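Residue numbers (my numbering), protein chains in the order written: chain A, 6 to 117; chain Y, 439 to 552.
The beta carbon of each residue, even a glycine, is placed where N, CA and C say it ideally should be.
No experiment lies behind these values; they were computed from the predicted model shown.
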């Protein structure tokens with residue numbers, strides 16, 4: 006059974022304090038890993054797709070990396086506007102059009 | 439482009455009432471999805487439609503039905519609402535290319551069943 010586990014459940018940072026969020030997964034035949042950001046009261050917003058181990062992608066203060074067992078979302082010098090829930094997801098094994106299995110999310114709070 | 443739109447934004451029902459949640463996308467995507475999001479449970483797939491004319495069950499389909507009306511629209515129906523269906527419902531769409539496809543989400547419908 007596909008599993009996606011995110012840690013920590015919640016993370017509080019001071020503005021400028023860099024850190025990382027973890028997403029570990031168990032899936033047969035990884036065909037990509039997705040990161041989303043979700044603000045309160047809104048739908049998830051797509052951030053990144055990572056296709057293979059060793060791949061990295063960046064967007065502003067965020068950088069996502071992928072290994073064979075986990076992905077990290079690194080946040081460099083975060084600002085209060087980076088506060089949100091960050092979700093990762095993988096396509097379910099055995100399908101070709103992307104039913105996604107989501108992690109529980111990490112709630113990030115950045116204090117000024 | 440509006441992306442993925444959902445109506446209504448909020449709804450309160452009494453147990454046993456029925457309703458339909460509407461979803462539309464203007465990105466010419468082939469696949470559409472309905473999820474529910476509950477505290478501590480994350481996002482769970484209810485039903486999906488890989489392409490126009492096809493629908494299939496996801497992880498938690500009991501108590502729901504869907505209709506893929508055309509390529510743009512995918513509706514979710516609760517025939518007899520129950521308090522356990524109180525949740526936030528999200529519609530998403532994607533356009534598969536190979537095996538990798540990002541899903542794009544709507545703003546959600548917040549449903550309370552009393």
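Query raised in the report: Would a check of beta-carbon distances place residue 25/A closer than 7 Å to chain Y?
Result: For residue 25/A, the answer is no, since every Cβ of chain Y falls outside 7 Å of its Cβ.
Query raised in the report: Can you name the residues of chain A whose CB is closer than 8 Å to the CB of residue 486/Y?
Result: Residues of chain A passing the Cβ test: 104.
Query raised in the report: How long is the line joining the alpha carbons of residue 60/A and residue 69/A, rounded to whole angstroms?
Result: Approximately 8 Å, taken between the alpha carbons.
**Report entry** Separation of residue 466/Y from residue 440/Y, as counted between CA atoms
**Finding:** Near 12 Å, if we compare the C-alpha coordinates of residue 466/Y and residue 440/Y.
Query raised in the report: Going by other Cβ atoms of all chains shown within 10 Å of its Cβ, with 16 needed for buried, is residue 101/A buried or exposed?
Result: Only weak support exists for where residue 101/A lies, its pLDDT of 49 falling under 50; the coordinates are left without a value.
**Report entry** Residue nearest to residue 551/Y in terms of C-alpha spacing, selected from 454/Y, 542/Y, 530/Y and 445/Y
**Finding:** Minimum Cα distance to residue 551/Y is reached at 454/Y.
Query raised in the report: In chain order, what residues of the same chain lie with their CB nearer than 7 Å to the CB of residue 497/Y, ignoring the 5 residues before and after it?
Result: If you ignore the 5 residues before and after residue 497/Y, its C-beta comes within less than 7 Å of the C-beta of 482 and 483, all in its own chain and listed in chain order.
Requested in this report: Leaving aside the five residues before and after residue 540/Y along the sequence, list all residues of the same chain whose C-beta is less than 7 Å from its C-beta, in chain order.
Outcome: Closer than 7 Å at the Cβ level, and outside the excluded window around residue 540/Y, lie 532.
Query raised in the report: To the nearest whole angstrom, what separates the beta carbons of residue 473/Y and residue 512/Y, a pair I think is in contact under 8 Å?
Result: The C-beta separation of residue 473/Y from residue 512/Y comes to about 12 Å, leaving the pair out of contact by the 8 Å criterion.
Query - Interface residues of chain Y facing residue 108/A [CB-CB closer than 7 Å] - result: Near residue 108/A (Cβ distances below 7 Å), the residues of chain Y are 480.
**Report entry** Close-in-space but distant-in-sequence residues of the same chain around residue 15/A (CB under 6 Å, 5 per side omitted)
**Finding:** Closer than 6 Å at the Cβ level, and outside the excluded window around residue 15/A, lie 112.
Requested in this report: Thinking residue 544/Y and residue 442/Y are a contact (beta carbons under 8 Å), I'd like their distance in whole angstroms, please.
Outcome: Sure, about 4 Å apart at Cβ, within 8 Å.
Requested in this report: Flag residue 48/A as yes if its beta-carbon sits less than 7 Å from any beta-carbon of chain Y, otherwise no.
Outcome: For residue 48/A, the answer is yes, since a Cβ of chain Y falls inside 7 Å of its Cβ.
**Report entry** residue 19/A versus 84/A, 94/A, 104/A and 91/A, residue with shortest Cα-Cα distance
**Finding:** If we check each option's Cα against that of residue 19/A, 84/A comes out closest.
Query raised in the report: At a Cβ threshold of 7 Å, is residue 54/A touching chain Y?
Result: With 7 Å as the cut-off, residue 54/A counts as an interface residue toward chain Y.
Query raised in the report: Excluding sequence positions up to five away, which residues of its chain have a Cβ less than 6 Å from the Cβ of residue 90/A?
Result: Excluding sequence neighbours, residue 90/A sits near 43, 110 and 112.
**Report entry** Residues that residue 39/A contacts on chain Y, provided the C-beta gap is smaller than 8 Å
**Finding:** Per Cβ cutoff of 8 Å: 540 and 541.
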